[in-house]
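J.: Numbering follows the UniProt record's numbering, in which position 55 of the sequence shown is assigned residue number 55; successive positions increment by one, without gaps.
Just so it is clear, CB atoms sit at the ideal spot from N, CA and C, and this is done for glycine as well.
Right, I'll just put the structure down here and ask away after.
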Amino acid sequence: MPQGQPSVVPDDGLTTRQRRNRPLVMVHTGVGKGKSTAAFGMALRAWNQGWPVGVFQFVKSAKWKVGEENALRVLGASGEGGVVDWHKMGEGWSWIQRAPQDGELSNEEKAREGWEQVKRDLAAGTYTFYVLDEFAYPLHWGWVDTDEVIEVLRDRPGTQHVVITGRNAPQALVDFADLVTDMSKVKHPMDAGQKGQRGIEW
């Protein structure tokens with residue numbers, strides 16, 4: 001297996017093994033394609049390690065058929081690697097804003113409810129690997145307090161890895177995270193008027 005060599009070895013009193021096994025907060029942001037795709041690829045690696053995986057999808061349309069969900073559910077039930085749970089945090093809402101129907105929670109309330117569930121699972125150590133898919137949106141919109149998220153992630157018990165995806169990740173979260181990737185767009189088929197494709201977008 002390829003092993004990267006760190007450019008700096010901090011004077012933190014940790015052994016190489018302790019430093020290597022510390023829990024990470026990762027952020028995939030930017031306007032380019034591939035933020036969630038990369039996070040789900042990491043979830044596959046976590047599954048292969050036998051880790052329990054929790055996916056929390058914060059931006060969802062009821063019409064979307066997400067291929068990664070089907071694949072990870074099948075793998076999670078296979079008994080080969082770790083278990084996989086997929087949570088849709090607010091059925092039927094998306095980044096296209098609309099008014100709630102009678103008796104329906106608003107998008108903001110659904111996002112807050114979803115975050116409360118993540119907090120409960122972090123406190124209980126339910127999963128080893130968390131994908132908070134499109135969670136940067138409710139943070140950017142101010143629906144969930146970024147400072148609170150950072151505090152909860154800083155104080156999470158055990159060795160729980162968390163990856164957050166979505167455009168416009170708040171600067172405070174970027175500063176706090178251990179790994180940040182900004183997906184930039186060089187070219188996209190939509191620039192030429194082409195809509196999403198099977199096997200590429202879903």
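Could you give the first and the last residue of the continuous beta strand (DSSP E) run that contains H28?
T.: As a position in the sequence shown, residue 28 is number 28, starting the count at 1. 25 to 29 is the span of the beta strand (DSSP E), which, as asked, contains H28.
J.: With burial defined as no fewer than 16 other Cβ atoms inside 10 Å of the residue's Cβ, what is the status of A169: buried or exposed?
T.: Residue numbering aside, residue 169 sits at position 169 when the sequence shown is read from its first letter. By the 10 Å Cβ count, A169 comes out buried.
J.: If you count every other CB in all the chains shown that lies within 10 Å of the CB of L179, and 16 or more means buried, which is it?
T.: Locating residue 179 in the sequence shown gives position 179, where the first residue counts as 1. Exposed, by the Cβ-count rule.
J.: Excluding five sequence neighbours on each side, which residues of the same chain lie with their C-beta closer than 6 Å to the C-beta of G50?
T.: For the purposes of this step, residue 50 is taken as residue 50 along the sequence shown, with counting starting at 1. Hits under 6 Å: G81, G82.
J.: Given this structure, state the Cα-to-Cα distance separating E69 from D11, to the nearest angstrom.
T.: Residue 69 sits at position 69 when you count from the first residue of the sequence shown. Residue 11 sits at position 11 when you count from the first residue of the sequence shown. Answer to the nearest angstrom: the Cα atoms are 41 Å apart.
J.: How long is the line joining the alpha carbons of T159 and Y130, rounded to whole angstroms?
T.: In the sequence shown, counting from the first residue as 1, residue 159 sits at position 159. In the sequence shown, counting from the first residue as 1, residue 130 sits at position 130. Roughly 11 Å separates the two Cα atoms.
J.: Mind pulling the alpha helix (DSSP H) runs of 4 or more residues that sit fully within the region 164 to 199?
T.: Taking only runs of at least 4 residues, the alpha helix (DSSP H) segments lying wholly in the region 164 to 199 are 171 to 176.
J.: Starting from Q117, trace the alpha helix (DSSP H) in both directions and tell me its first and last residue.
T.: Counted from its first residue, the sequence shown places residue 117 at position 117. Element bounds for Q117: 107 to 124.
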